[in-house]
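Trainee:
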DNA sequence: TGGTATCTTGATATATTCTTGATGACTTTA
DNA sequence: TAAAGTCATCAAGAATATATCAAGATACCA
C-alpha cells in the first residue's frame, strides 16, 4: 500500500450541500479562514470529488437529492479515513447516531456558529495530520482500486461478485495482518456465521481463481492454517 | 485446547463532574454499555485519576469547583492524548471554542441524549484504536507482532502452527519470567495436560527449529532444567 | 415470467497439524 | 560407574483443517 501524504498547505475542504446559498456561504467563511474549498452538490459528485480532489476534510449535509447522506459516509469509509463533519438541519438523535456510527467524526446541527464550526474543523484536522493512505492497493500483479471498485490482476480487469469484493476489500484494508476466520465471517456474513468457515473457504477459493495466477499456489491471499487468511503486504 | 483469540477488555472511561447525581447517572448508563467507569469530582482528582487509572476516554464537565475545565484539558494534553469529550451546561460558543482548541475532542451541551453520547464515545474510541501503533516485541533478531500475528526471525518471516503461536505468545507476554511446565500446559492445553510435559517439549523443539539460528544452542527460548522455560528479555 | 448471476450447501480429495512412542544425549545422584 | 530422571529430536499414524467441484436454492433483473 503506497502511503502518499497530501497535506500541502492550506488544508483542502470539500463542501457537500445541495443548496447553493449554503455552499457560497461556507466558501466565503472557509476561504477567509485560509482553507482551499471545493464544492459538490450531490452524493455522487461528492464521492467523485473526494477521490479526485483528495480533501483533508469533508463537510457533509445529510439531505442530498440523489442519495442518503449516511450512504455517502459508508461509501467513503470503504476506502478513506478523511475526517467527515456532518452539517444537518435534522435535529433527530437517531440521525446523529446513524451518521456517527457510519463513520462520521462530528455532527453539527444548523444553525451553528461560525466560531464553533471552525473550532470543530481545527479539531478534526489536528487529529488527521498524520495519515492518508492511497485508496489503490497495488502489489506485484494485483491492483485494487477501492474508489472505483475496480480489480486488475495479471493485466486484465476481473469481475467480482459482491461477496467476493467485500471479502477482498476487508483483506486489502488489513493488508499484512492475519484475519481470523471468525473476524472475517462476522464482518462479511454477520455474527451468526462465525461457526461456519465453509462459506468463507468457498469464497476464498473462488476469489483465488479470479486473481491468482496459480490458485493452488497463492501469492496474494495466504492461508494461515488453523487461524485464517492474510493478504500479502509489501513490506 | 483453548484456542480463543484475545478479546479486548472493556474500555475504561473516567467521568469528571462535581455533581454526584450526574456521576451516578453516567456510571449507570456507561456500565450497562460495557464500559469500566471511574469517577472524579474535581480537577485535581481528575488529573490524578487520569495518570493512575489510564482511562481510554475522559468525560469532562467544565464547571468544576477547584479549577477551570479548560485548564484541566491543557494540563492533560501536556502528557496524554486520551480522547476528551466535554459535557457542559454552558451554551456559550466561546466556551466550546476554548475547550476544543485546548485539546478537547468533542463537546456536548447538557441535556444530551444517551444515544448520542454513546455514539460520540464510540467515535472517539474508534479513532483512538486506529491511531494506537501495534506493539512489537523485539529481542535481538526476533520480532513478534501480536496484532498482525507476524513473526520475523533472522530477517525472514516464519510460519507457526496455532499451537506454536499460542506457546510463543505466552512466552512473549511473560518475557524474562520463568514459566513452569505446569503453568504452560494448563494455559495452552488445559488442566488435563499438566502431567504430560512431553507435548510441551515437542512443541518447544519445533518452535526452536523455526525461530532459533541453532536450535541445539537456543538464544531465545531458554530451558530452566527441572522447572520450565523462559524467553530471553532484552534487559 | 424466464433467464442470469450469485449464494449456499454437500461431497470428497488433499494438506496440515497434533499426538504419541521410540530413541539417545545429558545431568544428577547413589 | 550405574541408575534414574530430564530433556531434545525424529517420525508415523490419527485427527483436524483446507481446497475444490458441483448441484440445488435463492435473489435479481429485464
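Residue numbers (this note's numbering), protein chains in the order written: chain F, 275 to 509; chain V, 275 to 509.
Cβ coordinates follow ideal geometry from the N, Cα and C atoms, glycine included.
All values derive from a computational prediction rather than experimental measurement.
1) What do you get for residue 276 of chain V, buried or exposed, if any count of 16 or more other CB atoms within 10 angstroms of its CB means buried?
2) Fully enclosed by the segment 337 to 393 of chain V, which alpha helix (DSSP H) runs are 4 residues long or longer?
3) Does any C-beta atom of chain V lie closer than 7 Å to the C-beta of residue 375 of chain F?
4) When DSSP labels each residue in this structure, what does residue 453 of chain F get in the three-state scheme?
5) Can you give me the C-alpha to C-alpha distance between residue 476 of chain F and residue 450 of chain F, rounded to a whole angstrom?
6) Would you say residue 500 of chain F reaches chain V, if we count a Cβ-Cβ gap shorter than 7 Å as a contact?
7) So, is residue 279 of chain F buried or exposed, given that buried needs 16 or more other C-beta atoms within 10 angstroms?
8) Using C-beta distances below 6 Å, list every residue in its chain close to residue 363 of chain V, excluding the 5 sequence neighbours before and after it, in chain order.
9) 7 Å is my cut-off, CB to CB: does residue 436 of chain V come that close to chain F?
10) Which residue comes first and which comes last in the beta strand (DSSP E) that contains residue 286 of chain F?
11) Buried or exposed: where does residue 414 of chain F fall if 16 or more other Cβ atoms within 10 Å of its Cβ makes it buried?
12) Using 7 Å as the threshold, is the C-beta distance between residue 393 of chain F and residue 361 of chain V below it?
13) Contact between the segment 461 to 471 of chain V and the segment 394 to 403 of chain V: three or more CB pairs below 8 Å?
14) Tell me, please, whether the CB atom of residue 466 of chain V is closer than 7 Å to any CB atom in chain F?
15) Quick one: measure Cβ to Cβ for residue 324 of chain F and residue 354 of chain F, integer angstroms, because I've assumed they're closer than 8 Å.
16) Just to make sure I have the definition right: I need the residues of chain V whose C-beta is within less than 8 Å of the C-beta of residue 506 of chain F. Which are they?
17) Take every Cβ of the segment 445 to 461 of chain F, pair it with every Cβ of the segment 418 to 436 of chain V, and state whether three or more of those distances are shorter than 8 Å.
18) If we cut at 7 Å on Cβ distances, does residue 390 of chain V have a partner in chain F?
19) Could you compute how far the alpha carbon of residue 493 of chain V sits from the alpha carbon of residue 481 of chain V?
20) Comparing C-alpha positions only, which one of V:391, V:437, V:299 and V:309 sits nearest to residue 500 of chain F?
21) Taking the runs of the beta strand (DSSP E) that are 3 residues or longer, which of them lie wholly in the segment 394 to 421 of chain V?
22) What does the alpha-carbon distance come out to for the pair residue 484 of chain V and residue 508 of chain V?
23) At a CB-CB cut-off below 9 Å, which residues of chain V make contact with residue 393 of chain F?
24) Establish whether the CB of residue 337 of chain V and some CB of chain F are separated by less than 7 Å.
25) Measuring straight from C-alpha to C-alpha, what distance separates residue 338 of chain F and residue 315 of chain F?
26) Verify the CB distance criterion: does residue 451 of chain F have a CB-CB separation below 7 Å to chain V?
27) Verify the CB distance criterion: does residue 387 of chain V have a CB-CB separation below 7 Å to chain F?
28) For residue 489 of chain F, which option in F:352, F:427 and F:445 has the closest C-alpha, if you only look at C-alpha atoms?
29) Where does residue 294 of chain F land, buried or exposed, given buried means 16+ other C-beta within 10 angstroms?
30) Report the neighbours of residue 396 of chain F on chain V: residues whose CB is nearer than 8 Å to its CB, in chain order.
31) For residue 483 of chain V, go through chain F and note every residue whose CB falls closer than 7 Å to its CB, in chain order.
32) Just the Cα atoms here: how many angstroms apart are residue 349 of chain F and residue 343 of chain F?
33) Quick check: what's the CA-CA separation for residue 301 of chain F versus residue 399 of chain F?
34) Residue 410 of chain F and residue 445 of chain F look like a contact to me (Cβ under 8 Å); what is the Cβ gap, rounded to whole Å?
35) What whole-angstrom Cβ distance do residue 335 of chain F and residue 286 of chain F have, given they're in contact under 8 Å?
36) Beta-carbon of residue 423 of chain V versus every beta-carbon of chain F: anything under 7 Å?
Mentor: On the basis of the data shown:
1) Caution applies to residue 276 of chain V, whose pLDDT of 38 falls short of 50 and renders its modelled position unreliable; the value that the coordinates give is listed next. The residue is exposed, with fewer than 16 neighbouring Cβ atoms inside 10 Å.
2) 343 to 351 and 367 to 376
3) yes
4) strand
5) 22 Å
6) yes
7) Unreliable placement is indicated for residue 279 of chain F, whose pLDDT of 39 sits below 50; no coordinate value is reported for it.
8) 384
9) yes
10) 286 to 290
11) exposed
12) no
13) no
14) no
15) 6 Å
16) Simply none; closest approach about 11 Å.
17) yes
18) yes
19) 12 Å
20) V:437
21) 410 to 413 and 416 to 419
22) 20 Å
23) 367, 370, 371, 372, 373, 374, 375 and 381
24) no
25) 8 Å
26) yes
27) yes
28) F:427
29) exposed
30) 374 and 375
31) The premise fails here: residue 483 of chain V is roughly 17 Å from chain F at the closest Cβ pair, so nothing lies under 7 Å.
32) 10 Å
33) 18 Å
34) Contact flag wrong, Cβ pair sits at about 15 Å.
35) No, residue 335 of chain F and residue 286 of chain F are not in contact; Cβ-Cβ is about 18 Å, not under 8 Å.
36) yes
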